[in-house]
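Residue numbers for the sequence shown follow my numbering, so the first one is 15 and each next one is one higher.
What follows is one structure encoded as structure tokens, with my remarks underneath.
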Amino acid sequence: MAMTKDCVLLNTTLFFLAFLTGSALEANDSVTFSGTQAMEYLEAICELGPRPSGSKGMEKQRELLIRHFQKAGAKVFRQAFRSRDGRTGDWVHMENLIVSWHPDRDDRVLLGVHYDTRPYPDRDRRDPQGVFIGANDGASGVAVLMELADSMLQIKGSVGVDFVFFDAEEYVFEEERDSYCLGSLFFARQYATSRKAGTISHAYRCGVILDMVGDRNLTIWQEQQSVDWPDTRPVVESIWATAKQLKIREFVPRPKYVVNDDHVPLRMTGGIPTCDIIDFDYPHWHTTQDIPANCSAHSLGLVGQVMLSWLQKNY
Ligand SMILES: [Zn+2]
């Protein structure tokens, strides 16, 4: 990843700040993850309303995220693309956000989430055309990354980390017609093409997708494909080993479901060994009841602690 003048200046400023405030920024062991703070972020995102691709809510969320991560010292790249609304054929503006920590480092790790919400709660028996807020399916992963932001420049280690917010994971009105994972597929194609052409110098060692990680009754089984693929299996094992060390039993070290999430294009098209962390036993999935009351600070805290500890230990 090319280093720009802006980011040189930013890094110099941060170094100076670190020098001034001394121990606050040096103490790696003091890095913590607050589930309560993450829950506040989740609620703030849900207050923006539904956030499907191309919507007003999505635009507001994007502005909120850019401000949040720039303030925390990251470099934010906007990756725009477009796709058609399956109902009307109209073009819809879509955009992935790439939030880079230490953008000068070529050896990188990717943490990804989708930040769009499904257009309608189509699994809701009473109101399948109702309002879908996506507290767990959408906001939970975003909230975890927002809370991780404060720790990212304090983690010692030589690897750079990118948080990638994928648009259009589920811009789906009709299952038979519309495709999933448009944002991650676009990102993966761009990355693979640029690597092949030699126009970028950075490479991702591995990636992790966080999806539906806020369920108040949290149980995270391993995702089947992530375990089966030989290059992603070590990523899964190191994450579940971290959870075990932290005595977080909500991470169950066995596979249960096959989930076709954003990790599939990242690995199959982008060549990035990416696993999926998802709690797929969520009774409110794609219903009007996917709301903050069915998520918890405790669950977000557990996932955040695992991810922070895993990053600290391995990278
Ligand atoms: Zn969904």
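No residue lacks a Cβ here, since even glycine has one placed at the ideal position from N, Cα and C.
Bear in mind that the values here come from a model prediction, so they are computed numbers and not experimental data.
Name the DSSP bridge partner or partners of residue i?
i, result
"Trp235", "Val266"
"Glu109", "Ala94"
"Phe200", "In DSSP, Phe200 forms no bridge with anything."
"Gln221", "This sequence places Gly at residue 221; Gln is not what is there. DSSP output for Gly221 lists Leu124, Thr288 as bridge partner(s)."
"Asp304", "DSSP lists no partner for Asp304."
"Phe179", "Leu111, Val127"
"Cys60", "Looking at the DSSP assignment, Cys60 forms no beta bridge with any residue, so it has no partner."
"Tyr271", "Glu237"
"Lys89", "Ser114"
"Asp229", "Cys309"
"Gly174", "Arg122"
Taking the alpha carbon of residue i as the point to measure from, which residue in the options has its own alpha carbon closest?
i, options, result
"Gln238", "Asp293, Asn231, Arg209", "Asp293"
"Thr102", "Lys74, Phe187, Gln319", "Phe187"
"Ile253", "Gln319, Ala149, Ser193, Tyr271", "Gln319"
"Pro142", "Leu167, Thr207, Asp304", "Asp304"
"Ala163", "Gln84, Ala255, Trp105", "Gln84"
"Ala330", "Ala307, Ser313, Asn328, Trp324", "In the structure as shown, the chain starts at 15 and stops at 329, and residue 330 therefore has no counterpart that could be examined."
"Pro248", "Tyr55, Ser313, Gly221", "Gly221"
"Val106", "Tyr185, His300, Tyr329, Ser323", "Tyr185"
"Thr256", "Arg209, Glu57, Thr301, Leu325", "Leu325"
"Val250", "Ser193, Ala217, Met321", "Met321"
"Arg98", "Ser208, Thr288, Arg191, Ser215", "Arg191"
"Ile169", "His116, Tyr194, Leu111, Ser154", "His116"
"Cys289", "Tyr296, Val272, Asp295", "Val272"
"Ile112", "Arg268, Trp235, Val178", "Val178"
"Tyr329", "Asp242, Lys258, Leu167", "Leu167"
"Lys89", "Ser154, Arg139, Gly100, Asp176", "Asp176"
"Glu161", "Leu56, Ser310, His298", "Leu56"
"His300", "Asp138, His82, Ala94", "Asp138"
"Gly100", "Lys258, Glu189, Asn110", "Glu189"
"Ala311", "Ser154, Tyr296, Arg76, Arg81", "Ser154"
"Arg76", "Leu62, Arg209, Thr46", "Leu62"
"Gln93", "Arg81, Thr46, Phe180", "Phe180"
"Asp295", "Asp225, Lys327, Lys258", "Asp225"
"Asn110", "Val317, Leu79, Val45, Pro297", "Leu79"
"His82", "Ser114, Arg140, Gly144, Arg96", "Ser114"
"Arg96", "Arg268, Lys258, Cys195, Lys327", "Cys195"
"His298", "Glu54, Arg140, Thr213", "Arg140"
Please confirm whether residue i and residue j have their CB atoms less than 8 Å apart.
i, j, result
"Arg119", "Val173", "yes"
"Gly315", "Gly49", "yes"
"Gly197", "Met108", "yes"
"Val227", "Ile291", "yes"
"Ile59", "Val158", "no"
"Ala206", "Gly284", "yes"
"Phe91", "Thr302", "no"
"Lys270", "Trp243", "no"
Rounded to whole angstroms, how far is the Cβ of residue i from the Cβ of residue j, which I believe are closer than 8 Å?
i, j, result
"Ala130", "Ala182", "Residue 130 is actually Asp in this sequence, not Ala. Rounded, the Cβ-Cβ distance is 6 Å, consistent with contact."
"Arg219", "Arg122", "7 Å"
"Thr246", "Ser240", "5 Å"
"Leu260", "Ser323", "6 Å"
"Val317", "Ser165", "Not really, about 14 Å apart at Cβ, beyond 8 Å."
Please find out if some non-hydrogen atom of ligand 3 comes closer than 7 Å to the beta-carbon of residue i.
i, result
"Glu61", "Annotation note on ligand 3: not contained in the displayed structure, which lists ligand 1 as its ligands."
Contact the region 253-266 vs the region 196-204: 3+ CB pairs below 8 Å: no
Does the contact criterion of 3 or more C-beta pairs under 8 Å hold for the region 272-292 versus the region 117-129? yes
Would you call the region 59-75 in contact with the region 129-142, where contact means no fewer than 3 C-beta pairs closer than 8 Å? yes
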